[in-house]
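Numbering of the sequence shown is given in my numbering, commencing with residue 205 and proceeding in unit increments.
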Amino acid sequence: EPLWTIPKSGVRFRDITPLLQNPESFRFGIDRLYQRYQNTELDGLVALDARGFLFGSTLAYLLGVPLIPVRKTGKLPAETVSTDYQLEYGLNSLEMHVDALDEATRVVIIDDLIATGGTMCAAVELISQLGGETIECAVIIELVDLDGRAKLSPVPLYSLVSFHEDEA
Numbered sequence: 205e206p207l208w209t210i211p212k213s214g215v216r217f218r219d220i221t222p223l224l225q226n227p228e229s230f231r232f233g234i235d236r237l238y239q240r241y242q243n244t245e246l247d248g249l250v251a252l253d254a255r256g257f258l259f260g261s262t263l264a265y266l267l268g269v270p271l272i273p274v275r276k277t278g279k280l281p282a283e284t285v286s287t288d289y290q291l292e293y294g295l296n297s298l299e300m301h302v303d304a305l306d307e308a309t310r311v312v313i314i315d316d317l318i319a320t321g322g323t324m325c326a327a328v329e330l331i332s333q334l335g336g337e338t339i340e341c342a343v344i345i346e347l348v349d350l351d352g353r354a355k356l357s358p359v360p361l362y363s364l365v366s367f368h369e370d371e372a
């Protein structure tokens with residue numbers, strides 16, 4: 205089970221490394237995501253920097269769709285589109301290559317966790333800027349009390365595990 209950690213003063217995070225270190229648990233999570241999307245008409249899988257890459261690359265491979273990375277500013281080599289967003293602990297920005305998708309490209313966004321929804325909403329905005337369609341967002345862990353799901357609406361959110369603030 206993921207544990208609370210505090211890498212930034214005053215902000216609690218869920219640690220997914222126990223899931224990554226347990227092959228059976230990792231396989232279970234990937235299998236659940238694969239089963240959810242295997243019959244969905246997808247043109248690509250958008251993975252968020254950086255822990256979304258861990259799940260997104262495996263899932264994109266299994267689904268036979270391109271992996272589209274969304275990265276923090278300055279990490280992508282070609283021309284990009286970008287957007288700024290508010291985090292629980294500050295301001296940040298994300299980028300995507302301008303040629304990452306075409307108009308009407310249907311994608312699912314994947315990340316390890318959703319808290320306030322800022323990162324996920326920024327990714328939806330990038331996809332929209334390029335004319336793509338986000339059909340769903342998927343995460344391993346949802347921190348329910350931070351209300352990220354509501355901020356994503358009308359884009360649906362699928363989470364494998366949900367936690368409330370007071371749960372250990």
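For each residue, glycine too, the CB sits at the ideal point set by N, CA and C. These numbers come from a predicted model, not from an experiment.
Worksheet item: If you run the structure through DSSP and keep just helix, strand and coil, what is residue 260?
Response: Residue 260 falls in the helix class under three-state DSSP.
Item to complete: Let me know the secondary structure DSSP gives residue 245 once reduced to three states.
Response: Residue state, collapsed to three classes: coil.
Worksheet item: Going by DSSP, what residues sit across from residue 324 in a beta bridge?
Response: For residue 324, which the question treats as bridged, DSSP gives no partner whatsoever.
Worksheet item: Which first and last residues belong to the beta strand (DSSP E) in which residue 438 is found?
Response: Any answer about residue 438 is impossible in this case: the structure gives the chain only from 205 up to 372.
Discussion item. Contact between the stretch 287 to 294 and the stretch 361 to 371 is defined here as three or more beta-carbon pairs at a separation below 8 Å; is this criterion met?
Written reply: Between the stretch 287 to 294 and the stretch 361 to 371, the count of C-beta pairs closer than 8 Å stays below three; the two stretches do not touch.
Worksheet item: Looking at C-alpha atoms only, which residue of 248, 282, 237 is the closest neighbour of residue 306?
Response: In terms of CA proximity to residue 306, 248 leads the group 248, 282, 237.
Item to complete: Could you have a look at residue 332 and say whether DSSP puts it in helix, strand or coil?
Response: Three-state DSSP puts residue 332 in a helix.
Fill in: Beta-carbon proximity check, residue 298 vs residue 254, cutoff 8 Å
In this structure, residue 254 does not lie closer than 8 Å to residue 298 by Cβ.
Item to complete: Kindly confirm or deny that the stretch 238 to 252 and the stretch 313 to 323 touch, where touching means at least three C-beta pairs closer than 8 Å.
Response: The stretch 238 to 252 is in contact with the stretch 313 to 323.
Item to complete: Evaluate the contact criterion for the stretch 318 to 325 versus the stretch 260 to 273: three or more CB pairs, one atom per stretch, below 8 Å.
Response: Taking 8 Å as the limit for Cβ pairs, the verdict is that the stretch 260 to 273 does not touch the stretch 318 to 325.
Fill in: Simplified DSSP state of residue 237, which is helix, strand or coil
Residue 237 carries a helical assignment under DSSP once its states are collapsed to helix, strand and coil.
Practice prompt. Measure from the alpha carbon of residue 286 to the alpha carbon of each residue in 268, 330, 262, then state which is nearest.
Written response: Nearest option by C-alpha distance: 330.
Worksheet item: For residue 308 versus residue 334, is the C-beta spacing smaller than 8 Å?
Response: Judged by their CB atoms, residue 308 and residue 334 are not nearer to each other than the 8 Å cut-off.
Item to complete: Could you pull out every residue in the same chain whose Cβ sits closer than 8 Å to the Cβ of residue 345, ignoring the five residues on either side in sequence?
Response: Within the same chain, residue 345 has close Cβ partners 206, 218, 220, 316, 317, 318, 363, 364, 365, 366, 367.
Practice prompt. Taking only the alpha-carbon atoms, compute the straight-line gap between residue 301 and residue 237 and give it to the nearest angstrom.
Written response: Rounded to whole angstroms, residue 301 to residue 237 spans 25 Å at the Cα level.
Practice prompt. Would you kindly report the start and end of the unbroken alpha helix (DSSP H) that includes residue 354?
Written response: That run of the alpha helix (DSSP H) goes 352 to 356.
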